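Each remark here refers to the structure printed beneath this line.
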Amino acid sequence: MNTKNCNIIVGIAAAPGLAHGRTIIVRKKELAVPEYRVEDTDSEITRLMTAVETSRDEIAEVKNEVSGRTRTNEAEIFEAHKMFLEDTDLLGRAEKGIKGGTNAEKAWIDAIEFFAQKMDQIPDETLRARAVDIRDVGHRVLGHLLGESLGTTPLTEPSIILARDLTPSETVSLNKELTLGYCTVEGGPTSHVAILAKGFGIPAVVGTGEALLEIEEGTLVLVDGSEGKVTVAPDDETLKSFIQRAEEAKNRFSEARKAAQKPAVTADGDRVEVVANIGGVLDAPLGVKNGAEGIGLLRTEFLYLDRNSLPTEQEQIDAYSAIFEHYLDKPIVVRTLDIGGDKEIPYLDLPEELNPFLGWRGIRLIEEMEDIFLKQFRALLQAGANATVDLRIMLPMVSGLAEIVSAKKLLNKAREGLKEEGKAFADPIQFGIMIEVPSAVLLADRLAKEVDFFSIGTNDLTQYTLAVDRTNSKVAHLAHPLNPAVLALIKQTIDCAHAEGKWVGLCGELAGDRLAAPILLGLGLDEFSMSPASVPEIKNVLRVLHKEDCQNVAKEVLLLTSAEQVREHCRAFLADLGIAD
Ligand code: PEP
Ligand code: MG
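Residues in the sequence shown are numbered consecutively from 3, following this note's numbering.
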């Protein structure tokens with residue numbers, strides 16, 4: 003796309019797709035909180051409870067509407083909102099304020115802020131987003147107490163939404179038929195607007211920084227939710243080529259969906275394994291529906307979040323079994339618990355760290371939290387006991403040999419225990435590690451001797467190689483896995499594994515990037531694992547590639563100096579094959 007005359011704002015790709023249209027700026031309706039003393043505290047409490055009741059009914063309606071529009075679990079956001087309004091700690095705190103003589107509005111907002119500020123302290127981005135939820139609910143109830151309507155700017159024509167941030171209620175209150183795209187100054191890839199936009203199938207770019215709100219209302223913009231770019235006031239040529247790209251992408255997507263269940267066989271006859279990254283029970287059927295030939299990464303954190311204590315062994319067996327049953331006779335790679343970094347579990351009380359990504363995370367917890375990992379190994383081995391389950395277990399964040407040795411010892415302890423107890427379990431299973439720390443790449447020739455496979459986690463490998471915090475929107479644009487430095491590490495990993503006769507997968511976001519497919523195939527990657535939505539398109543791209551040509555592409559890009567050059571090179575290569583991006 004020629005964009006030389008246009009102003010491009012770079013943010014974070016939050017929901018894929020291309021959209022163009024005129025902008026509308028959505029501003030939060032600020033409600034002032036009155037403060038006064040009350041005598042009749044009983045009727046003040048009734049006033050608050052009526053507002054809470056009305057809000058609860060309203061949220062139930064919103065939840066139903068969202069469930070009807072999305073495929074997966076986006077509506078759960080509103081279930082959580084409803085639950086806040088049933089939370090006895092929250093309601094009790096507000097009631098206590100009123101009993102002390104404070105008016106309902108002030109007592110309510112004080113209680114909301116008390117809990118929201120606690121959430122603000124949590125380092126995990128997903129959990130921190132809960133503070134937005136609590137304040138969103140608080141705002142809704144406050145609106146009812148004040149008799150004010152909360153509706154955001156009503157849309158009258160198809161528009162691209164620009165906002166500082168959008169709460170779930172605001173996002174949902176905007177007419178979806180007239181919303182072409184969402185762009186927000188704040189937010190990360192897991193913010194609410196990102197989750198809802200993906201569910202609605204509407205492109206979104208978040209974390210753009212302040213420049214976004216300098217765009218005047220009514221300006222024509224191009225939103226690229228796949229690359230995280232907003233092009234402001236494009237010239238005719240740029241607009242025309244963008245519209246063409248959007249049209250092609252739409253056609254490509256529906257074509258790919260038709261062939262999703264067929265295997266990905268390259269033009270010269272090589273079968274490539276395309277599998278899915280699964281983050282919970284709800285994603286599992288979606289992977290199968292989109293043609294995934296197994297699971298390349300089961301992120302098990304979902305089992306430990308959203309609760310107040312560790313899951314029991316039986317709870318874990320049940321959850322794993324519910325996922326495995328969708329993938330019988332297909333490879334299933336499960337990653338052991340990967341917490342720390344940006345993934346916090348409040349009830350474990352992990353110490354606060356200055357640099358959580360460089361701290362006590364992933365497999366580094368195994369020695370001191372042996373019980374948690376032992377229980378997980380036991381649950382996995384039992385859930386995989388059926389011969390139709392091809393269970394593989396891998397460790398995250400491995401930086402050297404010692405972690406592999408500890409984990410193997412513990413896995414053996416799990417086996418021994420189950421044997422003694424006469425319980426059925428999976429045996430043998432493949433055992434692998436994720437390659438996401440540069441030291442693991444540099445030791446890959448030695449580590450390959452100790453495991454059955456590697457799976458490259460390019461999300462972390464990129465942040466550690468380029469020294470870029472993956473959750474920091476200020477530097478997010480620097481973190482590109484197509485940087486030749488990262489590609490060189492991928493090559494080294496694959497070469498070392500193959501020299502030992504071991505297979506290599508890749509389960510970072512890069513596996514779902516069409517432009518990366520020729521490079522990864524050329525480097526000899528055995529398994530591509532990606533979000534279920536990307537499976538059909540990547541299969542389609544792999545089908546037109548010749549391995550030998552891709553080996554040349556891989557050699558060429560490794561000599562380049564920037565991710566942008568690599569992108570351009572791959573773009574040109576794919577365009578020659580009739581694949582536009
Ligand atoms: C990765 O780091 O590439 C990866 C797949 O793991 P996660 O994104 O869960 O850290
Ligand atoms: Mg990772």
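We put the CB at the ideal spot given by N, CA and C, even for glycine.
Note that the structure is a prediction, hence the values are computed from the model and not measured.
- M436 sits in a strand when the DSSP states are folded into three classes.
- Scanning its chain for C-beta atoms nearer than 6 Å, with the 5 sequence neighbours on each side dropped, one finds around A487 the residues T467, in chain order.
- Judged by the Cβ position, N485 fails to qualify as a neighbour of the ligand MG at the 7 Å threshold, every heavy atom of the ligand being at least this far.
- Residue side-chain check: G510 places its Cβ nearer than 7 Å to a non-hydrogen atom of the ligand PEP.
- In the same chain as L180, and ignoring 5 residues on each side of it, the C-beta atoms closer than 8 Å to its own belong to L157, T158, E159, P160 and S161, in chain order.
- G402 carries a coil assignment under DSSP once its states are collapsed to helix, strand and coil.
- Around the beta carbon of V407, fewer than 16 other beta carbons sit within 10 angstroms, so the residue counts as exposed.
- When secondary structure is reduced to three states using DSSP, W505 falls in the strand class.
- Here V143 has A53, V54, S57 and W110 as same chain residues with Cβ atoms under 7 Å from its own Cβ, once five neighbours each way along the sequence are excluded.
- The Cβ neighbour count for N542, taken over all protein chains shown within 10 Å, is at least 16; the residue is labelled buried.
- Straight-line spacing of the CA atoms in R49 and D285 works out to 41 Å.
- By the C-beta criterion, the region 501 to 515 is judged not to be in contact with the region 219 to 227, since fewer than 3 inter-stretch pairs fall below 8 Å.
- Residue state for N310 is assigned as coil, using DSSP reduced to three classes.
- Residue state for P236 is assigned as coil, using DSSP reduced to three classes.
- Per DSSP, M121 is one residue of the alpha helix (DSSP H) stretching across A106 to D122.
- Taken from the Cβ of D340, at least one heavy atom of the ligand PEP lies inside 7 Å.
- Residue pairing from DSSP places A17 in a beta bridge opposite A206.
- Considering only M436, I374 and L484, the residue with the shortest C-alpha distance to L403 is M436.
- When C-beta atoms of the region 365 to 375 are compared with those of the region 291 to 302, fewer than three pairs fall below 8 Å, so the two segments do not count as touching.
- With a cut-off of 7 Å, the C-beta of G580 is classified as distant from the ligand PEP, since no heavy atom of the ligand falls inside that distance.
- Using a Cβ distance threshold of 8 Å, V336 and V400 do not count as a contacting pair.
- Inter-segment contact for the region 200 to 220 and the region 10 to 28 is present: three or more beta-carbon pairs are separated by less than 8 Å.
- The closest CA to that of K101, considering only E63, V134 and S45, is found on S45.
- Under the DSSP definition of a beta bridge, Y184 partners with I163 and A206.
- Using a Cβ distance threshold of 8 Å, F433 and D447 do not count as a contacting pair.
- Beta-carbon to beta-carbon, E275 and E529 are separated by about 4 Å, close enough to satisfy the 8 Å threshold.
- CA-to-CA, the gap between A118 and H141 works out to about 12 Å.
- Annotated as proximal: G189 and V208, with beta-carbon spacing under 8 Å.
- For S564, the secondary structure class from DSSP, reduced to helix, strand or coil, is coil.
- Secondary structure of F455 (DSSP, three-state): strand.
- Residue side-chain check: G459 places its Cβ nearer than 7 Å to a non-hydrogen atom of the ligand PEP.
- Residue pairing for E529: DSSP places it in a beta bridge opposite E275 and G507.
- For G289, there is no enclosing beta strand (DSSP E); the enclosing alpha helix (DSSP H) has its first and last residue at A286 to K291.
- A direct Cα-Cα distance of roughly 13 Å separates I341 from E355.
- The residue among V267, L393, L307 and R309 with its C-alpha nearest the C-alpha of P430 is L393.
- If you draw a 10 Å sphere on the C-beta of V267, you find fewer than 16 other C-beta atoms in it, and that means exposed.
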